[in-house]
Amino acid sequence: MTLELITFIASILLGIIIYWRESQTNRVYRFFNKLLNSKELQMKSIEKKGFVYEQNFLLRLVFITSFFLIGILITRFLIPIDLATISLFASMIFGTLIGTYIAGFIFKSSAIIDEHSDSLEEKFNDVLEKGKDFIEDIKGEEPIAIKKVQEEIEKPKVEEKSARERLKDKGLL
Numbered sequence: 003m004t005l006e007l008i009t010f011i012a013s014i015l016l017g018i019i020i021y022w023r024e025s026q027t028n029r030v031y032r033f034f035n036k037l038l039n040s041k042e043l044q045m046k047s048i049e050k051k052g053f054v055y056e057q058n059f060l061l062r063l064v065f066i067t068s069f070f071l072i073g074i075l076i077t078r079f080l081i082p083i084d085l086a087t088i089s090l091f092a093s094m095i096f097g098t099l100i101g102t103y104i105a106g107f108i109f110k111s112s113a114i115i116d117e118h119s120d121s122l123e124e125k126f127n128d129v130l131e132k133g134k135d136f137i138e139d140i141k142g143e144e145p146i147a148i149k150k151v152q153e154e155i156e157k158p159k160v161e162e163k164s165a166r167e168r169l170k171d172k173g174l175l
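Under the numbering used here, the first residue of the sequence shown carries the number 3, and numbering increases by one thereafter.
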């Protein structure tokens with residue numbers, strides 16, 4: 003179990019490295035494309051698609067599985083020791099797939115952050131200014147409403163006539 007966990011974590015890192023490497027250049031994919039396809043079907047020089055970069059899930063799974071299958075076959079011939087090959091094989095494939103998607107998420111989120119970094123700085127500065135204004139309001143004088151209430155409390159109430167006396171004054175009673 004420990005060996006599988008170590009292999010899984012290492013394969014996640016391998017998936018991130020493979021994705022990053024293919025995002026920089028896709029020479030190996032172009033080589034196989036030129037080797038296997040006719041001139042009309044070969045990919046153009048501006049295309050950035052690779053084995054895992056800009057591929058859908060099924061093709062990523064096929065390419066990664068074939069990569070590890072070739073690696074395990076070579077290892078089995080060089081080192082004839084029987085390890086839990088199938089469980090390691092599955093954890094390497096699954097970890098590498100997860101690593102490619104983690105790398106894709108990191109690259110996309112960093113691109114979005116780069117796009118919106120100016121607006122984020124402006125929003126942050128606006129929040130700072132509003133916070134400073136709020137602190138100044140708190141430290142400043144008492145609000146006007148509180149002053150008015152205090153003045154009303156301090157003023158003595160003038161005795162008003164009751165409703166009955168006002169009606170008598172008008173001659174209605």
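Backbone N, C-alpha and C fix where the C-beta goes; we use that ideal spot for every residue, glycine too.
Which class does residue i belong to by DSSP, given the choice of helix, strand or coil?
i, result
"E49", "coil"
"D84", "coil"
"M3", "coil"
"F21", "Looking at the sequence itself, residue 21 is Tyr, so the reference to Phe does not match. The answer is helix: DSSP assigns Y21 an H, G or I state."
"S164", "coil"
"G106", "helix"
"T98", "helix"
"Y55", "coil"
"G133", "helix"
"E42", "coil"
"G73", "helix"
"T9", "helix"
"N28", "coil"
"L174", "coil"
Measure the alpha-carbon distance for residue i versus residue j and round it to whole angstroms.
i, j, result
"E177", "F136", "Because the chain is modelled from 3 through 175, residue 177 falls outside the range shown and cannot be assessed."
"M45", "R32", "7 Å"
"V151", "S112", "54 Å"
"L80", "G73", "11 Å"
"L37", "T27", "18 Å"
"K149", "E138", "18 Å"
"G133", "E154", "33 Å"
"S96", "V129", "The sequence given here has Phe at residue 96, not Ser. Each residue's alpha carbon lies about 43 Å from the other."
"P82", "I114", "48 Å"
"I140", "A147", "14 Å"
"V92", "E6", "Here residue 92 turns out to be Ala, not Val, going by the sequence shown. C-alpha separation (whole angstroms): 9 Å."
"F120", "E131", "The sequence given here has Asp at residue 120, not Phe. Near 17 Å, if we compare the C-alpha coordinates of E131 and D120."
"W22", "I76", "25 Å"
Throw me the rounded Cβ distance for the residue i and residue j pair, which I believe falls under 8 Å.
i, j, result
"I20", "V54", "6 Å"
"R166", "L175", "7 Å"
"M94", "S13", "4 Å"
Going by beta carbon distance, what residues of the same chain come within less than 7 Å of residue i, once the five residues before and after it are set aside?
i, result
"F109", "S25"
"E18", "The question names Glu, but residue 18 is Ile in the sequence shown. Only G101, I104 and A105 meet the Cβ criterion."
Excluding five sequence neighbours on each side, which residues of the same chain lie with their C-beta closer than 8 Å to the C-beta of residue i?
i, result
"Q57", "K51 and F65"
Quick one: what's got a C-beta closer than 6 Å to residue i's C-beta in the same chain, skipping five residues either side?
i, result
"R29", "none"
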